[in-house]
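In this note's numbering, the protein residues as written are 26 to 247. Think of the CB as a built atom: it goes at the ideal place given N, C-alpha and C, for glycine as much as any other residue. On a predicted model such as this, the values are computed, not experimentally measured, just so you know.
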Amino acid sequence: MVKIKRSFPPPESLATEARKSAGRYDKEDVIQRLRRDFHNKCYICEIKELQDPNVEHLMPHKNGKYPERKFDWENLFWSCGHCNGVKNNSRYDKGIIDCCKQDPEKYLKFWLKDNDVVIDILDSENGTQKRTASLIVEVFSIANTGMRTYTSDKRMKLLQKEMNILLKQLEKMRRFPDSKAVKRIVYSLLRRESAFAAFKRCYVRDHRKEYPELQKYVSLDT
């Protein structure tokens with residue numbers, strides 16, 4: 026999960042649909058804007074080029090119990106079906122980090138350790154951070170049904186593949202420090218727009234002595 030810059034003003038359809046008895050919050054203008062703003066990446070697991078995109082509510086509207094949330098542009102997020110389904114659990118109803126208002130990388134550390142996702146929390150007493158960390162770990166490891174086992178395992182394998190790509194390119198950069206082509210690849214892998222960016226950026230920050238020249242590309246202040 027990385028910081029996302031949400032565009033404004035809200036899509037026009039939201040105000041129109043909110044006045045209807047059976048209005049929809051997923052009209053084409055909403056879909057296109059979310060897809061662009063979130064770089065066609067699930068904001069929870071960070072898988073790219075979603076095949077099953079969902080318009081997800083950060084704070085649940087509970088089928089009309091909280092009508093003010095249903096068409097609130099700032100409450101709509103771009104998610105994959107897997108993560109939306111996992112998040113649809115009452116233990117997350119109090120909310121997770123809003124990555125459009127806060128930078129998750131300032132509060133969480135994202136690791137792939139021994140083929141497991143591990144999320145370290147800056148403030149162990151902060152409920153929002155704890156729920157966010159729990160959700161991210163869960164979407165990569167949940168195995169309570171056959172389909173969820175398959176989809177969480179798929180995300181884990183894609184994360185491992187992406188991390189291996191980064192490690193190989195970092196090794197190339199050490200071997201060929203003057204290669205502009207290699208540097209361009211590394212820079213692109215560290216952009217927030219890339220798949221599983223939080224994990225890759227955290228790795229480089231944690232290895233700042235080995236990669237001092239890359240720290241400006243993973244800075245939490247930019």
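### Task
Classify H232 as helix, strand or coil using the three-state DSSP reduction.
Coil.
### Message
Suppose you measure from the CA of H86 to the CA of N113; what does that come to, to the nearest Å?
### Response
So the alpha carbons of these two residues sit roughly 11 Å apart.
### Task
Please state whether DSSP places S104 in a helix, a strand or coil.
In the structure shown, S104 falls within a strand segment according to DSSP collapsed to helix, strand and coil.
### Message
Tell me which residue opens and which closes the beta strand (DSSP E) that L137 is part of.
### Response
That run of the beta strand (DSSP E) goes L133 to K138.
### Query
Can at least three beta-carbon pairs, one atom from the segment 30 to 39 and one from the segment 51 to 64, be found at a separation below 8 Å?
Touching, per the Cβ criterion.
### Query
How about L8 and K197: are their beta carbons less than 9 Å apart?
There is simply no residue 8 to check, as the chain begins at 26 and stops at 247 in what is shown.
### Query
What does DSSP give as the partner residues of D145 in its beta bridges?
According to DSSP, D145 bridges with K134.
### Message
If distances are taken between C-alpha atoms only, which option among C108, L137, D128 and G110 comes closest to D231?
### Response
If we check each option's Cα against that of D231, L137 comes out closest.
### Query
Among H82, G106, Y91 and V142, which one has its Cα closest to the Cα of D5?
Because the chain spans 26 through 247 in this model, residue 5 falls outside it and cannot be assessed.
### Query
Just the Cα atoms here: how many angstroms apart are F160 and N65?
Checking the displayed sequence, the identity of residue 160 turns out to be Leu instead of Phe. Taking the straight line from one Cα to the other gives about 20 Å.
### Query
Is L184 buried or exposed, if buried means 16 or more other CB atoms sit within 10 Å of its CB?
L184 comes out buried.
### Message
Measuring only the C-alpha atoms, how far is K73 from S46?
### Response
The alpha-carbon of K73 is positioned some 34 Å away from that of S46.
### Segment limits, alpha helix (DSSP H) that includes N189
For N189, the enclosing alpha helix (DSSP H) has its first and last residue at G171 to R200.
### Task
Taking 9 Å as the cut-off, decide whether the C-beta atoms of L239 and V207 are in contact.
In terms of Cβ geometry, L239 and V207 do not form a close pair [threshold 9 Å].
### Message
Could you tell me the alpha carbon to alpha carbon distance between Y50 and N169, rounded to whole angstroms?
### Response
Between Y50 and N169, the C-alpha separation is close to 30 Å.
#### Entry: Opening and closing residue of the alpha helix (DSSP H) in which P92 lies
Start and end: P92 to K95.
### Task
From the DSSP output, read off the bridge partner residues of P78.
Assignment of beta-bridge partners to P78 by DSSP yields C105.
### Message
Just to confirm the assignment, what range does the alpha helix (DSSP H) spanning V207 have?
### Response
Counting along the chain, the alpha helix (DSSP H) containing V207 begins and ends at K205 to L214.
### Task
Consult DSSP for K30 and reduce its assignment to one of helix, strand or coil.
In this structure, K30 counts as coil in the three-state DSSP scheme.
### Query
Using the beta-carbon count (16 or more within 10 Å), is M26 buried or exposed?
With a threshold of 16 other beta carbon atoms within 10 Å, M26 meets it and is buried.
### Query
Span of the alpha helix (DSSP H) holding Q240?
Unbroken run through Q240: none, as it is neither H nor E.
### Task
Within the same chain, show all residues whose beta-carbon is closer than 7 Å to that of E42, passing over the 5 residues directly before and after it, in chain order.
Contacts found: G48, R49, Y50, K52 and F96.
### Per DSSP, cross-strand counterpart(s) of K66
According to DSSP, K66 shares a beta bridge with K73.
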